[in-house]
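Peer 1: My structure is below; once you've seen it, I'll send some questions.
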Amino acid sequence: MTNLLEIKNLQTSFLTDYGEVVAIEDVSFQIKPGETLGIVGESGCGKSVTSLSIMRLLGHKGRIRKGQILFQNRDLVQLSEAEMREIRGNEISMIFQEPMTSLNPVFTIGHQLIEGIRLHQNMSRKEARVYAIDMLKKVGIPRAETLIDDYPHALSGGMRQRVMIAMALACHPKLLIADEPTTALDVTIQAQVLELMKTLRDQTGAAIMLITHDLGVIAEMADQVIVMYAGQVVEQADVFTLFDQPKHPYTQGLMQSIPHVEREEDERLTSIPGTVPSLHDMPKGCRFQTRCPYAQPQCVKQAPPLLAVDEGHWARCWLVNDEQNETARSVSHV
Amino acid sequence: MSEQLRSGPLLSVEQLKTYYPIKKGVLSRTAGYVKAVDGVSFSIYPGETLGLVGESGCGKSTIGRSIIRLEQPTEGRVIFQNENILEYTPQKMKRVRTHMQMIFQDPFSSLNPRKRVKDILAEPLMVHRMLEPDQVQNRVDQLMEMVGLSKQYKNRYPHEFSGGQRQRIGIARAIALEPKLIICDEPVSALDVSIQAQILNLLKDLQQELNLTYLFIAHGLGAIRYISDRIAVMYLGKIVEIAKTKEIFNNPQHPYTKALLSAYPSPNPRMRKRERIIIQGDVPSPANPPSGCRFHTRCPWVMDICREKEPQLKGDQHAVACFAVESPQ
Amino acid sequence: MWTYIIRRLLIAIPILFGVTIINFIIINLAPGNPVEMFIDPNVPQEVLEARKEALGLNDPLYVQYYHWLLNLLQGNLGYSFVTYQPVTDLVFERIGPTFLLMISSLLFGIVIAIPLGILSAVKQYSFLDYLATGGAFIGISLPNFFLGMALIYIFALQLDILPTGGLFTLGGEGGIGDLLLHLILPTVVLGAHIAGKFIRYVRSSVLEILGQDYIRTARAKGLREFWVVNKHGFRNALIPIITVIGLEIPLLMGGSVVVEQVFQWPGIGQLMISSILSRDYPTLMALNLLAAVIVVVVNLVTDIVYSIADPRIRYD
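Protein chains in written order, with my numbering: chain R, 1 to 334; chain G, 1 to 329; chain S, 1 to 316.
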C-alpha cells in the first residue's frame, strides 16, 4: 500500500527575538490510507509545529528549512499558496484543541459550515445547507435543523468540537489532523467525541493524525505511534509494541509518570527529573541526556539517530544498540 | 487511618448551598438561581486526603471557595474546630485563615507578577504577624527548600519560573502559616504531564512531613486516585457517591461514577474494544437542574422514581445517592 | 431588549435632571450677568435694574430654575436674552450645519482609518505600518485650529480652489455643490483627528483578533487570506470599535466648536461661544441640555448596536 502521507527529514524553524530557532528537526514518518497515527509528547516537543508544517499554516515567522512532505506523492513544501488552499479543508483537514475559541463567535454554525462546504464543492446555497444539516446529524448534534442557525456561544464545548469535526469532514478529506481534540473537554464528553471519531473513521476511511499528550487516548485510537521530545522523533512503533516494550527512556519515563486510573495506589509515581531544554540551548549530544537515568558518555558526545529495535520499531537511543548486541549475543548462545 | 476513629473530623460541611442569583427584568429582579452547590455534606478527618471529583459545572471548585469563604455560601454550616465559621466576623475569619489555606489551579495567574518570590512568601507571615520581622527571611528560605526550590531564586519574579516551579511557590505560600487544612483546587490540571507527577509527589511528601489534611479538588481521576484516601464524586451540585479510594475504583456503585470510570481511555491498547458505558448528552444547566435525581436525564438505568424524587446519600463507609442501588431491579 | 431600553431611558431622566441643575448652578456662579453685557454705557442704572427684574434675575436661584424647568416641560425653552428670539428657533437654525459637519467628519475619519488600520495590523512593523501610525500620531497631535488655518492658507488663499469658510458662497445661489465645496476643509480638519485616533484603535483591535483561534480555523479551511482578515477578522474587530465611535460623537461636538469658529461655520458651536460671552442663560441651558441628550442617546444607541453586532451580548 502506498503511503498517503510521507514526511522526510522535516526541519522547521521560527524567527524569534533571539534569531532563527529550529523547532523540529529530522522528523520522518509515514501514514497509510485509513491508518491512525498518534503523535505523543508534551508541550513544546514540536508535535503541533509538525502538523502546522504539513498544513503550511506556520505564519510569517515560521518556515520549512529542509525536508519533504509527500502527500499522495506531491511535495506540499513546493506547492504555491493557492495550491495549498485547494488542499486545506478539502484533502487535509485540521481540528484544534480549544473548541470554545475555534469557532467565529459572530457567525452562525451553519454559516461557518456552509462556507467551508461551498469553498471546495460545487453546491448551491440550498444544497449546501441540506448537506450541512446532514453532517451535523452525522456527528450527533441533536435538533440539527434549528441548531444550524445558532451561534457558537449557545453550544457546550463538546458540541462545538462536534461541529468542528463536522466542518473538517464535510469535504471528505483523506487525512484528518486532530491536534489535542479532546484535551479541553470533560472526560465523559471526551469519551463521546473519541467514539464519534472512531465511527466516522470507519465510515469514511480517512486517515487520522492524532496529536495528544494523553497516552490513554493514544492507546484507544492509534495504530502507529511516534513519540516526540524536544523537536525530534525519539520513538516510533505500532501501538501494541510501544506499550508492551517502550525502548526510549523518555517513553518509559512518560509511561511511569502518568497517574492513570488503573494504577494501584501504592505504586509511587516516578517523575522525570528536570525540564525540557530550551530550543536555543539544545545539548550537542542526545537531547534527553540531562534527564536520562541511563545516560552514558557517548550520549553526551554524539546525538543518536533513529536506530532499529525491531521490525517497524525505532528508537533514538544508543542503548538500543547495546541491547541489540545483547540479544544477538544471547541468541548465538542458544 | 485509625486516627479517623480516634479524633473527630477536622472539618465538617453540613448541607452547604451556594446559589448565584440570576437577575432579569427592568428592575433587575431575581428570576432564579444558579445552584452551584446544592446541599452538600461531608467530613474530612485529620491527616487524610479527601478527593473531590466531578466534571465542569458540578460545583467542586465552588465548594472549595465556599468553605474558605472566598465565595459566600447561601445556606449550611462549615464546622471547623467545633464552630460554624460561616458565622464568623472578618476578624475571626482572619485567625481561621492561618489554619486553612488554598492552592490554586492556574500557576500563571495566582502569583502577583509584580512581587518577588521572597515577598510573595513573606506576605502571609507579615500579615498574620506570626514571626518577628528578622526571622521572616529565614522562614522564606526554609519554605523554598521544603518545596524543592533553591533559595538563590528568591529575588526573582514569577514570570522567570516555569509552570511547575510557580506551582511550587504557590504551595510554599500555602504552607507558610503551618495550616492544618489545605484546599487544593485543581493544582496540577494546568501543568504538563511529567511535571504533574513531581507536584503530586511533593504534595504527598509534605503531607507526611507537616501532618497536613487535604481537600483535593480535581477533574482528573488519575491524580485523585494517586493522592486521595477517600473520594467524593460530584454531579451538578451534589455528592452522588463517597467512599474509600479503593472502593470507588473497584466497586463503583453510582451510575455516574461507573460512567466516569469507564470514560477514561485506558493506557492499554488491548483494552480498547472493551464494553464502555458512554453516557449521552451534555451536563444540564445548574440554573435549571432536572427534577428528581439530577442524573436521571443521562442515566442508563433510569427508573420512574428517579424523575420524581431526589435520592439521598445512604451508606456509612461507602455512601451512594441512587434509587437503583437502594432497591436493585 | 425592550426592558433594557426602558430601563436605560428611565435612568436617563434623573441624569438629565442632574445635568441641568449642575449647569444652572455653574452658569450662575460665573461672574457677571446678562444685563451687564449691554455695551452701551449710557444706559442708566434704573433701566438696567428694571431689565434685570424683568428677566427674573433677582429671584432666588431655585425659583429661576423652577420657572425654567416648568417652561421646559411645556416645550418652551425660553427666549434669548440677547435677540429675544425663542431659543428653540435659534437652536434649530444652527443645529443642521453642526450635524452635517459631525456626520461628514465622522465618516471621513472612519473611511480612512479602517482600511489603513487593517493594513497596518496585517503588515505589522512594515513601512506602511510606520507610515500609517506616524500619520495617525500627527493627526492627533496637530491642534485643529492650526490645521484649519494652515489648510485655509494653502487651499483657499494660495491655491484658491476652496472657499475660506461659511456654509455657502456669499451672493451665490447655494445648492448642493456649493455646500459640499464648503464642507471639504472643515471635514478634513475635524476628520483628521478622528482618523488619527481610530487608526490606532482599529490596528490594535485587528491585531488582537488575528491572534484568535477561529482565524486559524478559517485558514485551515482553505479560505483566502483576504477573506480571513476582512470577513472573519474584521467583523470581530468591529465590535470594540463601535464603542469607540460611540464615545467619539460627544467629543466631536466639543471639537466642532473651535472648527466652526475657524471656518465661520454657522452651527451651534458658534452659538455656544456667543451665548457664553453674552451670558445668554436660556440659550446656554438649552445647548447644554441638547448636548446631554445627545450623549445619553448616543450611548444607548451604541450599546444597542453593540448587541446587534455581537451575538454573545443580549440584554434582558
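For every residue, glycine included, the Cβ atom is placed at its ideal position computed from N, Cα and C.
So L260 of chain G contacts chain R; which residues on that side make the cut at Cβ distance below 7 Å?
Peer 2: Reading the second sequence from its first residue, position 260 is the one you call residue 260 of chain G. Residues of chain R passing the Cβ test: V187, T188.
Peer 1: Give me the residue from G:L313, G:L210, G:C322, G:R298 with the minimum Cα distance to I305 of chain G.
Peer 2: One-based indexing of the second sequence puts residue 305 of chain G at position 305. Considering only alpha carbons, the answer is G:C322.
Peer 1: According to DSSP, is P293 of chain R part of a helix, a strand, or is it coil?
Peer 2: To locate residue 293 of chain R, count along the first sequence from 1; it is residue 293. In this structure, P293 of chain R counts as coil in the three-state DSSP scheme.
Peer 1: Determine the burial state of D229 of chain G: buried for a count of at least 16 other Cβ atoms within 10 Å of its Cβ, exposed for fewer.
Peer 2: Residue mapping note: residue 229 of chain G aligns to position 229 of the second sequence, counting from 1. With 16 or more other Cβ atoms within 10 Å, it is buried.
Peer 1: So, at 7 Å on beta carbons, what are the nonlocal neighbours of H128 of chain G in its own chain, with the 5 sequence-adjacent residues on each side left out?
Peer 2: Position 128 of the second sequence, counting from 1, holds the residue named residue 128 of chain G. So the qualifying residues of the chain are T98, L177.
Peer 1: Counting Cβ pairs, one atom from each stretch, are 3 or more of them under 8 Å apart for the stretch 149-159 of chain R and the stretch 218-235 of chain G?
Peer 2: These segments do not touch.
Peer 1: Mind reading off the beta-carbon distance from L260 of chain G to V187 of chain R? Whole number of angstroms is fine, and I expect it under 8 Å.
Peer 2: If you number the second sequence from 1, residue 260 of chain G lands on position 260. If you number the first sequence from 1, residue 187 of chain R lands on position 187. That pair is a contact at about 7 Å.
Peer 1: As a quick exercise: from R:P173, R:M164, R:P246, R:T241, pick the residue whose alpha carbon is nearest that of E98 of chain R.
Peer 2: Position 98 of the first sequence, counting from 1, holds the residue named residue 98 of chain R. It is R:M164 whose Cα lies nearest to the Cα of E98 of chain R.
Peer 1: With 16 other CB atoms within 10 Å as the buried threshold, where does H248 of chain R fall?
Peer 2: Reading the first sequence from its first residue, position 248 is the one you call residue 248 of chain R. With 16 or more other Cβ atoms within 10 Å, it is buried.
Peer 1: Between Y306 of chain S and chain R, is there a C-beta pair that is closer than 7 Å?
Peer 2: Numbered from its first residue, the third sequence carries residue 306 of chain S at position 306. Not closer than 7 Å to any Cβ of chain R, the Cβ of Y306 of chain S fails to qualify, so no.
Peer 1: Of the residues that make up the stretch 183-202 of chain G, which ones have a beta carbon closer than 8 Å to any beta carbon in chain R?
Peer 2: Against chain R - using a Cβ distance shorter than 8 Å - the residues of the stretch 183-202 of chain G are D192, V193, S194, I195, Q196, A197, Q198, L200, N201.
Peer 1: Hey, S43 of chain G and S66 of chain G: beta-carbon distance below 7 Å or not?
Peer 2: As a working mapping, residue 43 of chain G is identified with position 43 in the second sequence. As a working mapping, residue 66 of chain G is identified with position 66 in the second sequence. No, they are not a contact pair.
Peer 1: Identify whether L212 of chain G lies in helix, strand or coil by the three-state DSSP scheme.
Peer 2: Indexing the second sequence from 1 puts residue 212 of chain G at position 212. Coil, per DSSP.
Peer 1: Give the straight-line distance between the Cα atoms of L194 of chain R and F29 of chain R, rounded to the nearest whole angstrom.
Peer 2: Numbered from 1 along the first sequence, position 194 holds the residue referred to as residue 194 of chain R. Numbered from 1 along the first sequence, position 29 holds the residue referred to as residue 29 of chain R. Cα-Cα distance, rounded: 24 Å.
Peer 1: For a cutoff of 7 Å on Cβ pairs, would you count P60 of chain S as touching chain R?
Peer 2: The residue you call residue 60 of chain S lines up with position 60 of the third sequence. It does not; no Cβ of chain R falls within 7 Å.
Peer 1: With DSSP as the reference, please indicate the residues paired to A54 of chain S in a beta bridge.
Peer 2: In the third sequence, counting from the first residue as 1, residue 54 of chain S sits at position 54. The partner list for A54 of chain S (beta bridge, DSSP) is empty, contrary to what the question assumes.
Peer 1: For N201 of chain G, tell me which candidate among G:R95, G:F108, G:V147 has the shortest Cα-Cα distance.
Peer 2: Position 201 of the second sequence, counted from the start, is the residue given in the question as residue 201 of chain G. The shortest Cα separation from N201 of chain G among G:R95, G:F108, G:V147 belongs to G:V147.
Peer 1: Between which two residues does the beta strand (DSSP E) harbouring I7 of chain R extend?
Peer 2: The residue given as residue 7 of chain R occupies position 7 in the first sequence. Element bounds for I7 of chain R: 5-16.
Peer 1: Should G148 of chain G be flagged as near chain R, meaning a C-beta pair shorter than 7 Å?
Peer 2: If you number the second sequence from 1, residue 148 of chain G lands on position 148. Cβ-Cβ to chain R under 7 Å: no for G148 of chain G.
Peer 1: Between the Cα of H318 of chain G and those of G:K246, G:M130, G:V117, spot the shortest distance and give me the residue it belongs to.
Peer 2: Locating residue 318 of chain G in the second sequence gives position 318, where the first residue counts as 1. Out of G:K246, G:M130, G:V117, G:K246 has the C-alpha closest to the C-alpha of H318 of chain G.
Peer 1: With 8 Å as the C-beta to C-beta threshold (strictly closer), list the residues of the stretch 113-131 of chain S near chain R in chain order.
Peer 2: For the stretch 113-131 of chain S, which is checked against every Cβ of chain R, not one residue is closer than 8 Å.
Peer 1: On the three-state DSSP scale, how would you describe E173 of chain S?
Peer 2: Within the third sequence, numbered from 1, the residue matching residue 173 of chain S stands at position 173. Three-state result, E173 of chain S: coil.
Peer 1: Output, in sequence order along the chain, the residues in the stretch 100-116 of chain R whose CB is closer than 9 Å to any CB in chain S.
Peer 2: Those residues of the stretch 100-116 of chain R that come within reach of chain S (Cβ to Cβ, closer than 9 Å) are M100, T101, S102, L103, N104, P105, V106, F107, T108, Q112, E115, G116.
Peer 1: Looking at G222 of chain S: is its Cβ nearer than 7 Å to the Cβ of R85 of chain R?
Peer 2: Numbered from 1 along the third sequence, position 222 holds the residue referred to as residue 222 of chain S. Numbered from 1 along the first sequence, position 85 holds the residue referred to as residue 85 of chain R. Going by C-beta atoms, G222 of chain S is nearer than 7 Å to R85 of chain R.
Peer 1: Would you call the CB atoms of L52 of chain G and I279 of chain G closer than 7 Å?
Peer 2: The count along the second sequence starts at 1 and reaches residue 52 of chain G at position 52. The count along the second sequence starts at 1 and reaches residue 279 of chain G at position 279. Their beta carbons are not under 7 Å apart, which means L52 of chain G does not touch I279 of chain G by this criterion.
Peer 1: When you compare only the Cα positions, how much space is there between T217 of chain S and H219 of chain G?
Peer 2: Indexing the third sequence from 1 puts residue 217 of chain S at position 217. Indexing the second sequence from 1 puts residue 219 of chain G at position 219. Taking the straight line joining both Cα atoms gives about 28 Å.
Peer 1: Under the three-state reduction of DSSP, which class applies to Q85 of chain S: helix, strand or coil?
Peer 2: Reading the third sequence from its first residue, position 85 is the one you call residue 85 of chain S. Q85 of chain S: coil per DSSP, three-state reduction.
Peer 1: Based on Cα-Cα distance, which residue from R:L279, R:I133, R:Q298 lies nearest to G19 of chain R?
Peer 2: As a position in the first sequence, residue 19 of chain R is number 19, starting the count at 1. If we check each option's Cα against that of G19 of chain R, R:L279 comes out closest.
Peer 1: May I have the straight-line CA-CA distance separating E180 of chain R from G191 of chain S, to the nearest angstrom?
Peer 2: Counting from 1 along the first sequence, the entry for residue 180 of chain R is found at position 180. Counting from 1 along the third sequence, the entry for residue 191 of chain S is found at position 191. Approximately 48 Å, taken between the alpha carbons.
Peer 1: Going by beta-carbon coordinates alone, are T89 of chain G and T18 of chain G separated by less than 7 Å?
Peer 2: Here residue 89 of chain G corresponds to residue number 89 of the second sequence, with the count starting at 1. Here residue 18 of chain G corresponds to residue number 18 of the second sequence, with the count starting at 1. In this structure, T18 of chain G does not lie closer than 7 Å to T89 of chain G by Cβ.
Peer 1: For P266 of chain S, I'd like the list of residues in its chain whose CB is within less than 7 Å of its CB, leaving aside the five on either flank, ordered along the chain.
Peer 2: Taking the first residue of the third sequence as position 1, residue 266 of chain S is located at position 266. Once the five neighbours on either side are set aside, the close Cβ partners of P266 of chain S are R94, P97, L167.
Peer 1: With distances taken Cα to Cα, identify the nearest neighbour of K60 of chain G among G:E83, G:N82, G:K238, G:E326.
Peer 2: As a position in the second sequence, residue 60 of chain G is number 60, starting the count at 1. Among G:E83, G:N82, G:K238, G:E326, the Cα nearest to that of K60 of chain G is on G:K238.
Peer 1: Residue range of the alpha helix (DSSP H) that Q68 of chain R falls in?
Peer 2: For the purposes of this step, residue 68 of chain R is taken as the residue at position 68 of the first sequence. Premise fails: Q68 of chain R lies in the beta strand (DSSP E), 62-71, not in any alpha helix (DSSP H).
Peer 1: Which residues, in chain order, does the stretch 43-57 of chain R contribute to contact with chain S at a C-beta distance below 7 Å?
Peer 2: Listed in sequence order: M55, L57.
Peer 1: Give the list of continuous alpha helix (DSSP H) stretches no shorter than 4 residues that lie fully inside the stretch 216-285 of chain S.
Peer 2: Here the runs fully enclosed are 234-262, 268-277.
Peer 1: Looking at the C-beta of Y214 of chain G, does it have a partner C-beta in chain R at a distance below 7 Å?
Peer 2: Start at 1 with the first residue of the second sequence, and residue 214 of chain G comes out as number 214. Taking Cβ atoms only, chain R never reaches closer than 7 Å to Y214 of chain G, which makes this a no.
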